[in-house]
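Note sheet for the following structure.
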Amino acid sequence: MPYYISALLFSLTFSSYSILVTASPQTTQNAIQADSTDIPPGKAVTTKSIDELCRDIGNKLGSVDENDCKKQALQSSSVFTPQGYPLAYKEYPPVKNREPLGKVLLMGGIHGDEYSAISIMFRWMEKLNKYHSGLFHWKVIPNLNPDGLLQKKSQRQNHRGVDLNRNFPSANWDALALKYWEEKAYKNPRRYPGPYALSEPETIWFSSVINDFSPDVIIAVHAPHRLVDFDGSIAAPKKLGNLQLRLLGTYPGSLGNYAGVDLDIPVVTVELASAGIMPSDHEISRMWVDMIRWLRQEIPKRD
Ligand SMILES: [Zn+2]
Numbered sequence: 000m001p002y003y004i005s006a007l008l009f010s011l012t013f014s015s016y017s018i019l020v021t022a023s024p025q026t027t028q029n030a031i032q033a034d035s036t037d038i039p040p041g042k043a044v045t046t047k048s049i050d051e052l053c054r055d056i057g058n059k060l061g062s063v064d065e066n067d068c069k070k071q072a073l074q075s076s077s078v079f080t081p082q083g084y085p086l087a088y089k090e091y092p093p094v095k096n097r098e099p100l101g102k103v104l105l106m107g108g109i110h111g112d113e114y115s116a117i118s119i120m121f122r123w124m125e126k127l128n129k130y131h132s133g134l135f136h137w138k139v140i141p142n143l144n145p146d147g148l149l150q151k152k153s154q155r156q157n158h159r160g161v162d163l164n165r166n167f168p169s170a171n172w173d174a175l176a177l178k179y180w181e182e183k184a185y186k187n188p189r190r191y192p193g194p195y196a197l198s199e200p201e202t203i204w205f206s207s208v209i210n211d212f213s214p215d216v217i218i219a220v221h222a223p224h225r226l227v228d229f230d231g232s233i234a235a236p237k238k239l240g241n242l243q244l245r246l247l248g249t250y251p252g253s254l255g256n257y258a259g260v261d262l263d264i265p266v267v268t269v270e271l272a273s274a275g276i277m278p279s280d281h282e283i284s285r286m287w288v289d290m291i292r293w294l295r296q297e298i299p300k301r302d
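Numbering-wise, numbering that gives the first Met the number 0 puts 300 at position 301 of the sequence shown, and it's gapless, one number per residue.
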């Protein structure tokens, strides 16, 4: 069985307690077999509720207050980060008597120091709360890396220092991810891909969401490179609001490489212009309208 499938099974089978722990790097095999007997004494942390997650997001982000977050009624995946935060999502399911054009997985905050990429998810969820008509079936993950965001000084990587966007099990991970990090990224800790693919609870869970939800398109929001990147075999969006398409290629272990190239699920990477300053309301709406127009045009062509 490919190890990423085993890891998915691991994520679904084992209790959140075993995922909560800051485990030391292990080989793929024994990580998959990890159970509570591997937990180093004193390393387990208390799990937090969605309300506590919202309290901490509200305290951290200038553009999202605690109540904005609570109003979303995010659901807990029952997978928790090493710091005890629930990995949370919101689903906008099909409506009665309308077959959706497709399924869209919208994700922000895989990098914990890209504040605007998380804040904008709450603004777009407000739009969905108002206007969800069943045109698409949405799953929204506003903050895939709460540990990176919510520690005292926010950081790109997760709590264990792994760049989650280099930890997906792309086919070239074993051959290239660590080599690339050493030789091309000069061991920059911000780009550390982890000891092995899918070594982190956040990527294990996100991969299981891809597997279970089987999206037609994944949209991942980042900052601050001011562009739209795309990996996939359908036509890319030329622009989203002021952001223009600029193809950057992929890295070993990136979501674009894993989902866009290996799984053939188109991945739109939205790079907002600033990590610390939100786009204007007008721009947030324009991006949304362009995104819906593109999804409407291109998703039906996937069949
Ligand atoms: Zn990023």
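C-beta: ideal position from N, C-alpha, C; glycine also.
task = Give me the Cα-Cα distance between serine 62 and tyrosine 257, rounded to the nearest whole angstrom.
result = When only Cα atoms are considered, serine 62 and tyrosine 257 end up about 31 Å apart.
inquiry  = Quick check: what's the CA-CA separation for proline 188 versus proline 251?
reply    = If I take the Cα positions, the gap works out to 16 Å.
ask   = CA-CA distance, glutamate 297 and cysteine 53?
value = Glutamate 297 and cysteine 53 have their C-alpha atoms some 35 Å from each other.
query = Hey, which unbroken runs of the alpha helix (DSSP H) at 4 residues or more fall wholly within the segment 50-94?
reply = With a minimum length of 4 residues, the continuous alpha helix (DSSP H) runs that stay inside the segment 50-94 are 65-70.
message = Residues around ligand 1, please: the ones whose beta-carbon is closer than 6 Å to some heavy atom of it, in chain order.
response = Taking a cut-off of 6 Å from the heavy atoms of ligand 1, the residues with a C-beta inside it are His110, Glu113 and His221.
query = Got a sec, what are the start and stop residues for the alpha helix (DSSP H) valine 288 sits in?
reply = Counting along the chain, the alpha helix (DSSP H) containing valine 288 begins and ends at 280-297.
ask   = Which two residues bound the contiguous beta strand (DSSP E) that contains phenylalanine 229?
value = According to the DSSP assignment, phenylalanine 229 belongs to the beta strand (DSSP E) that extends over 226-230.
message = Mapping the DSSP letters down to three states, classify threonine 268 as helix, strand or coil.
response = Three-state DSSP puts threonine 268 in a strand.
request  = State the DSSP-derived secondary structure class of isoleucine 209, mapped to helix, strand or coil.
outcome  = It is helical.
ask   = With a CB to CB cut of under 7 Å and the five nearest residues on each side skipped, what residues in its chain are close to serine 273?
value = In chain order, Ser115, Ala222 and Pro223 place their CB closer than 7 Å to the CB of serine 273, counting only its own chain and leaving out the 5 sequence neighbours on each side.
task = Count the other C-beta atoms from every protein chain shown that fall within 10 angstroms of the C-beta of aspartate 263, then say buried if there are 16 or more, exposed otherwise.
result = Counting Cβ neighbours within 10 Å, aspartate 263 comes out exposed, since fewer than 16 surround it.
ask   = For the putative contact between asparagine 142 and glycine 107, defined by C-beta atoms under 8 Å, what is the C-beta separation to the nearest angstrom?
value = The pair is a contact, with the Cβ atoms about 6 Å apart (cut-off 8 Å).
ask   = Can you tell which of Phe135, Glu181, Arg159 and Gly83 has the C-alpha that lies nearest to the C-alpha of histidine 305?
value = There is no way to answer for residue 305, as the model of the chain reaches only from 0 to 302.
message = My output table needs one value for glycine 252: the three-state DSSP class, helix, strand or coil.
response = In the structure shown, glycine 252 sits in coil (DSSP, three-state: anything other than H, G, I, E or B).
request  = For the alpha helix (DSSP H) containing methionine 106, list its first residue and its last residue.
outcome  = Per DSSP, methionine 106 belongs to no alpha helix (DSSP H); it is in the beta strand (DSSP E), 102-107.
task = Give me the Cα-Cα distance between leucine 242 and glutamate 270, rounded to the nearest whole angstrom.
result = Spanning the two alpha carbons is a distance of roughly 8 Å.
query = Per DSSP, alanine 219 is paired with what?
reply = The partner list for alanine 219 (beta bridge, DSSP) reads Met106 and Thr268.
Test item: CB-CB of tryptophan 137 and valine 103 under 8 Å = Taking C-beta atoms as the reference points, tryptophan 137 and valine 103 count as a pair closer than 8 Å.
request  = Measure how close the beta-carbons of threonine 268 and alanine 219 come, nearest whole angstrom, since I'm counting them as under 8 Å.
outcome  = Between the beta-carbon of threonine 268 and that of alanine 219 there is about 5 Å, and that keeps the pair under the 8 Å contact cut.
inquiry  = Classify leucine 163: buried if its beta carbon has 16 or more other beta carbons within 10 angstroms, exposed otherwise.
reply    = Classification of leucine 163: buried, given that the 10 Å Cβ count is 16 or more.
key: Distance between beta carbons of phenylalanine 121 and aspartate 55, contact taken as under 8 Å   = Contact between aspartate 55 and phenylalanine 121 is ruled out by a C-beta separation of about 14 Å, above the 8 Å threshold.
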